[in-house]
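These notes are about the structure you will find just below.
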Amino acid sequence: MTSIDVVSLSRMQFGLTALYHFLFVPLTLGLSILLGVMESVYVMTGRAIWKEMTKFWGLLFGINFAMGVATGITMEFQFGMNWAYYSHYVGDIFGAPLAIEGLMAFFLEATFIGLFFFGWDKLSRLQHLCVTWLVALGSNLSALWILIANGWMQYPVGAKFNPDTMRMEVTNFMEVLFNPVAQAKFVHTVSAGYVTGSMFVLAVSAYYLLRGRHLELAKRSMTVAASFGLAAALSVVVLGDESGYTAGENQKMKIAAIEAMWNTEPAPASFTLFGLPDLENRRTDYEVKIPWMLGLIATRSIDKTVPGINELVGRAEQRIRSGLVAYDALEKLRAQPSNAAERTRLDSTAADLGYALLLKKIRPDIANATPDEISRAAWSTVPQVSPLFWSFRIMVGLGFYFIALFALAFVLASKRWLDRYRSFLWLALFSLPLPWIAAELGWVVAEVGRQPWVIEGVLPTFLAVSSLSAANIWTTLIGFVVFYSTLAVVDLYLMVKTVKAGPSTGEPFERPGARLLVADAAE
Amino acid sequence: MFDYEAMRLIWWALLGILLIGIAVMDGFDLGVAILLPYVARSDVERRIAINTVGPVWEGNQVWLILGGGAIFAAWPILYATAFSGFYLAMFLVLAALILRPVAFKFRSKLENARWRAIWDAALFVSGLVPALIFGVAFGNVILGVPFRFDDSLRMTYEGNLLGLLNPFALLSGLVSVGMLTLHGANYLSLKASGPVTQRAAQIARLAAPITIGLFVIAGIWVALGVEGYALTQQPAYDGPSNPLAKLVTRQAGAWLTNYRSFPWTMAAPVAAIVMLAVSPLLLRARHAGLAFIASGVAIAGIIATAGLSIFPFMLPSSLDPRASLTVWDASSSLLTLRIMLFVTVVFLPIIILYTAWVYRVLREPITQAFVEGNAKSLY
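Structure representation (structure tokens):
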């Protein structure tokens, strides 16, 4: 058996490296589209300032892109390195979208990004524009495939357990592709990326307007960011709703935990705006509720109930008992592979096999589990309520804030008042980190909410790890923390330097004594 | 459509093509990084060398990422066993691969000699470490790796990082470094200019015979000193992928069986040696492009030699030979292999087409005038 230490360490390492990687991904998603928009305007109007804008934001894009690529390799290798049993158990399904992501998306963005930077003098305007859009297309396609993979972890459709190979195998690839959870996640995640890209452009442009520099470039950039950002912010909230809807269909436990909703609400369920979840007594104090709201979000109806945690735990207990039947059949089948009766018995209960595996955390010989242990295992299907409850509320609050901010920016831009209110510019500048906070919290809601499963209902996280020593993982974990922190410092330093230096208008480079190649024109 | 047995063979071949793709495409980037301190002395020479790979290394690196993804999709238990078994070695590769993009991107952003020297050193390390470790990993695969499975196919690995660094594996590592250095030198001869090209050509003339020597020694070692593995009982070639269903013995000289049974397979090592020998001659005759192709074919020959020697094994287990992973019992399901073949057949030609177009656009060599004229926008 694997020790709990290895599980926690592996989770910590995966969580840290994924959250770190996800600092760069949303900006790549959003900025790549914005570059395409800016360059399109340049090609259509022929006005040089739009080319300058594309080049300047491209410079920042490039620094961010390199970090995203570099930290993304870690993610792909880590499944095999730290989650070997997971890789064996579901690689038949999960590996495919990852490989397709490489073929369809990574090659596209990575092959053309070199031309984006080095092809300005070697390509016609139209050719270069195509290159830029192909980079954007590649980035966004990669989000599609990784979210198809992730969606399958949340809602494993189109697959079946095979006792001969001791793993899940794909039965219907179309179901994996058109997984409703994956589709909802894709639009929600890329929209979040577009918000991030827009906020980045908005905030940096606000900085220039506040300093009275690069006014033409800043105002135009801000106008693009305001319109694109408003559309993206609306979509991220509305389609986040979509995400909640499918969670209601497939991941009822996640939504019950997000809501800290212990008991099933009569339809239409109300949404808890605020409250203090009390985990020990399994209740939520000081609730402020909005009637009907949750029913609308989760079921898209006013007549369907949304089950609470207590009811879902009861269902989990049923499925553990059914899973024990599957486990018993599997044991007998392993001793005697030709036993057709056991094979049928396993087939009819295999969907619950994962639930029986939850007992492995309590005792290795799960066939002898007591009713009390089964109840404990059923309660282990409840993810940590408090982090979900709060992460979700902060994320949603930020989503509404983004709509308001971009709407304001949009109005100011259409009235050509962008540089009129310094308070607005300061607000835009200080809002810079918020999309990252929202995106990371969104990751927390999705993945902490998935616990205790690595594959919902199929494989508990604690069984998915590699047979590694804790010392090995400590080594790499500390290595990653030190290495990544150093890179973060260097990356931020270069980002800030580049922003302060600003775009190159004409030839202001060769200032004597300038330490940075692109001299800071303001100082 | 192809049956399961044929599909497994196709995916074995595709895995080989991917590994060759990694070594040929990403390989010359690694080679250039290794050569950086030797072929380029002044800052402008360094920048010439770096910018020969500047616009293409990102695309090349995707071969490696695709390699990881394809092993995961087509050979999941191989992916799980190899990546977790070689845990710390993989971490070193990762660290190098993270360092490299950052070094490319950040090196020339500041005009500070120490800053640049640090990133140059980082580039050298980020080229050498993966080149060495990939070879060391191949060497260990040929020797067998200490892992076993329990009856739920959970893998236990009983080795450590130092165990990987045994003499034969280190020799394999040197073969890998040698061939990638040669390949990188040929690329520099083709794409750089001035003294960088001349130094690269000198190194290519040295690297080729050294790589031949190391490769031949490794071959003799495998023939005389390495106990190979042989299948003694395989239930079916199209059965479920469960590595515990077969029987395996260890035999001296077993890794030469395929060459005896199928003499055409000798084409791989012969091609490797001939191309290694021809490559510097082509360079001397000022056919840098052909020399580069020759070193590419040589790399393909070396990798194919290793793959053909151990076929049908992919990852033999020294601890429990029965648990060894073979072509017949480590693959994905038939449906997954078919889907992935379809996607590969559609997209790989498209990828090759647009990659070729990008290289055509960027076909001009990097000159000192070009670097100095674009000092701010280049790496």
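Protein chains in written order, with the working numbering: chain A, 1316 to 1838; chain B, 11 to 389.
All C-beta atoms, glycine included, are put in the ideal place defined by N, C-alpha and C.
Only a predicted model underlies this, so the values are computations on that prediction, with no experimental measurement involved.
- Query: What first and last residue would you give for the alpha helix (DSSP H) that runs through V422 of chain B?
  - Reply: Because chain B in this structure spans residues 11 to 389, residue 422 of chain B falls outside the shown range and cannot be described.
Next on the checklist: Between L388 of chain B and V381 of chain B, how many whole angstroms is the CB-CB distance? I'm expecting something under 8 Å.
Outcome noted: 6 Å
* Asked: Helix, strand or coil: which one does DSSP assign to D1436 of chain A?
  -> coil
Is it buried or exposed for Y1736 of chain A, if we count other Cβ within 10 angstroms and need 16 for buried?
exposed
Cut-off 8 Å between Cβ atoms - residues of its own chain near T377 of chain B, not counting five sequence neighbours on either side:
I58, S203, G204
>> Taking 8 Å as the threshold (beta carbon to beta carbon), is I1463 of chain A in contact with chain B?
In response: no
- Query: Can you tell me the Cα-Cα spacing of G1590 of chain A and A1575 of chain A, whole angstroms?
  - Reply: 9 Å
Next on the checklist: With the cut-off set at 8 Å, would you say E1580 of chain A and T1620 of chain A are in Cβ contact?
Outcome noted: yes
For this session: Per DSSP, which residues does K1604 of chain A bridge with? Please list them.
Result: A:T1587
Practice item. Give a yes or no on whether the C-beta atoms belonging to D160 of chain B and R1649 of chain A are separated by under 8 Å. Key: no
### Query
Mind checking if K1647 of chain A is an interface residue toward chain B, Cβ cutoff 8 Å exclusive?
no
Would you say the segment 1365 to 1377 of chain A touches the segment 49 to 64 of chain B, given that touching needs at least three Cβ pairs under 8 Å?
no
Would DSSP call Q1477 of chain A helix, strand or coil?
Here residue 1477 of chain A is Asn; the residue named in the question, Gln, does not match the sequence. Reduced to three states, the DSSP call for N1477 of chain A is strand.
- Query: L6 of chain B: which of B:I309, B:D130, B:V139 sits nearest, CA to CA?
  - Reply: Residue 6 of chain B lies beyond the stretch modelled for chain B, which goes from 11 to 389, so this question has no answer here.
Q) If we cut at 8 Å on Cβ distances, does A1292 of chain A have a partner in chain B? A) Lying outside 1316 to 1838, the shown extent of chain A, residue 1292 of chain A is not represented and no answer is given.
- Assigned secondary structure, S1513 of chain A (DSSP; H/G/I helix, E/B strand, else coil): helix
Note to self: Quick check: is the beta carbon of V187 of chain B nearer than 8 Å to any beta carbon in chain E?
What the structure shows: As a matter of chain content, chain E is missing from the structure shown, whose protein chains are A and B.
Exercise for the section: Tell me, please, whether the CB atom of D161 of chain B is closer than 8 Å to any CB atom in chain A? Expected result: yes
- Message: Output needed for G1828 of chain A: all residues of its chain with C-beta closer than 7 Å, excluding positions within five of it in sequence on either side, in chain order.
- Response: Only weak support exists for where G1828 of chain A lies, its pLDDT of 36 falling under 50; the coordinates are left without a value.
Determine the DSSP secondary structure at A262 of chain B, reduced to helix, strand or coil. strand
* For F1715 of chain A, count neighbouring Cβ atoms within 10 angstroms of its own Cβ and tell me buried if that reaches 16, exposed if not. => exposed
| request: Check I349 of chain B in the structure and name its three-state DSSP category. | output: helix
Quick check: S1695 of chain A and P1767 of chain A, are their CB atoms within less than 8 Å of each other? yes
(message) Measuring straight from C-alpha to C-alpha, what distance separates E237 of chain B and L1459 of chain A?
(response) 46 Å
List, in chain order, every chain A residue whose beta-carbon is nearer than 7 Å to that of T354 of chain B.
L1418
Nearest to K1604 of chain A (by Cα), restricted to the options A:R1597, A:L1792, A:P1583: A:P1583
**Message:** Using a 10 Å radius around the Cβ and a threshold of 16 neighbouring Cβ atoms, would you call S1513 of chain A buried or exposed?
**Reply:** buried
**Asked** What are the residues of the segment 150 to 179 of chain B that lie near chain A, defined by any Cβ-Cβ distance shorter than 7 Å?
**Response** D161, S162, L163, R164, M165, T166, Y167
Check your understanding: So, is D1667 of chain A buried or exposed, given that buried needs 16 or more other C-beta atoms within 10 angstroms?
Key -> buried
| task | With a threshold of 16 other CB atoms inside 10 Å of the CB of E374 of chain B, please say whether the residue is buried or exposed. | result | exposed
ask   = Which class does R158 of chain B belong to by DSSP, given the choice of helix, strand or coil?
value = strand
A240 of chain B (DSSP reduced to helix, strand or coil) = strand
* Asked: Looking at C-alpha atoms only, which residue of A:A1507, A:A1572, A:A1546, A:I1428 is the closest neighbour of Y364 of chain B?
  -> A:I1428
Problem - Under 8 Å from the C-beta of A397 of chain B: neighbouring residues of chain A - result: There is no way to answer for residue 397 of chain B, as the model of chain B reaches only from 11 to 389.
* Reduced DSSP secondary structure (H/G/I, E/B, other) of E1580 of chain A -> strand
- Identify, in the order they occur along the chain, each residue of the same chain with its Cβ nearer than 8 Å to the Cβ of W85 of chain B, setting aside the five sequence neighbours on each side. W21, L25, M324, L335, A340, S341, S342
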